[in-house]
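Asker:
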Amino acid sequence: MKKYKLLLASLFIAGAAPVYAQISPAPETAQTAEVQQFQKLEDQWSIAEVKRDQYTMELLLSPVYVGISSKGDISTRNQQIAALFDRTSAELTSMEQKVVSVRTFGDLAVVEGTYILKHHENGNTIEDRGIFTHVFQKIRSNWLCVNAQRTLVVQQSDEKPAKISKKSDAPLPFHIPLLHKGSTSNTQANTNVEQQPQ
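For reference, each letter of the sequence shown is one residue, going -21 to -1, 1 to 177 in mature numbering (1 follows the signal peptide of the UniProt record, and there is no 0).
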């Protein structure tokens, strides 16, 4: 009888394992499909920026678009498109954006990722690396970007900074004037009290 129960339990566990294995990857597959969909949009954006393609930018950016650059500059859709033709700004040579995550809320999607921008400025090639957040809204079966924000990531140098050792000549480790006025403050306060007329 024990062998029969053991056999029945092992068959149940063995039968349930493949079912569980088939169910678990479904959310990741859905996330991957969304990431791929928005990666295509980000790739179109990158190519349009480098090639100064006004038509593609108009298809990607919503009329209510607001963008915040890594320097804190705020721009609208029209300003973003006009900047494509501004020859006085730095010349963008390449732009690579990689989507890391996508979260959808009905007809809104929050896309987060990393970017690498290369541009020429004063004859030098400058590379900016950072992270971005783009908010898309689905309008008539098309995803349009309504908000964009970029943040530069600070590059750590491999060299260790030289330690600057400066010995303090303060009698205490630190001085907080509100809590302890020090010895000079007491003598000044006493002289001020003595000089006041009564």
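Note that the Cβ used here is the ideal one computed from N, Cα and C, for glycine as well.
Quick caveat: nothing in here was measured; it's all calculated off a predicted structure.
Less than 8 Å between the CB atoms is what I'm expecting for residue 25 and residue 129, so what's the real figure, rounded?
Answerer: At roughly 13 Å, the Cβ-Cβ gap does not stay under 8 Å, so residue 25 and residue 129 are not in contact.
Asker: Using DSSP with H/G/I as helix, E/B as strand and the rest coil, what is residue 54?
Answerer: Residue 54: strand per DSSP, three-state reduction.
Asker: If you draw a straight line from the C-alpha of residue 124 to the C-alpha of residue 58, how long is it?
Answerer: Distance between the alpha carbons of residue 124 and residue 58 is about 15 Å.
Asker: Under the assumption that residue 41 contacts residue 134 (Cβ atoms under 8 Å), give the Cβ distance between them as a whole number of angstroms.
Answerer: Their Cβ separation, rounded to whole angstroms, is 33 Å, which puts residue 41 and residue 134 out of contact at 8 Å.
Asker: Kindly list the residues whose CB is nearer than 8 Å to the CB of residue 106, restricted to its own chain and excluding five residues on each side of it in sequence; keep chain order.
Answerer: For residue 106, where only same-chain residues beyond five positions count, the Cβ hits under 8 Å are 95, 96 and 97.
Asker: Specify the secondary structure class of residue 23 as computed by DSSP and reduced to three states.
Answerer: Helix, per DSSP.
Asker: What are the boundary residues of the alpha helix (DSSP H) that residue 33 is part of?
Answerer: Its alpha helix (DSSP H) spans residues 33 to 39.
Asker: Which parts of the segment 80 to 106 are runs of the beta strand (DSSP E), unbroken and 3 residues or longer, counting only runs that do not cross its ends?
Answerer: For the segment 80 to 106, whole beta strand (DSSP E) runs of length 3 or above, ordered along the chain, are 87 to 100.
Asker: DSSP state of residue 14, grouped into three classes?
Answerer: DSSP places residue 14 in helix when its eight states are reduced to three.
Asker: Should residue 113 be labelled buried (16 or more other beta-carbon atoms within 10 Å of its own) or exposed?
Answerer: Buried: at least 16 other Cβ atoms inside 10 Å.
Asker: Can you tell me which of the three DSSP states residue 69 falls into?
Answerer: Coil, per DSSP.
Asker: Do residue 104 and residue 76 have their C-beta atoms closer together than 9 Å?
Answerer: No, these two residues do not count as a Cβ contact at 9 Å.
Asker: So, using beta-carbon positions, are residue 14 and residue 80 closer together than 9 Å?
Answerer: Closer than 9 Å, so yes.
Asker: Buried or exposed, going by whether 16 or more other CB atoms sit within 10 Å of the CB of residue 21?
Answerer: When all chains shown are included, residue 21 counts as buried.
Asker: Look up residue 134 in the DSSP assignment and say whether it is helix, strand or coil.
Answerer: If DSSP states are grouped into helix, strand and coil, residue 134 belongs with coil.
Asker: Helix, strand or coil: which one does DSSP assign to residue 118?
Answerer: Residue 118 falls in the strand class under three-state DSSP.
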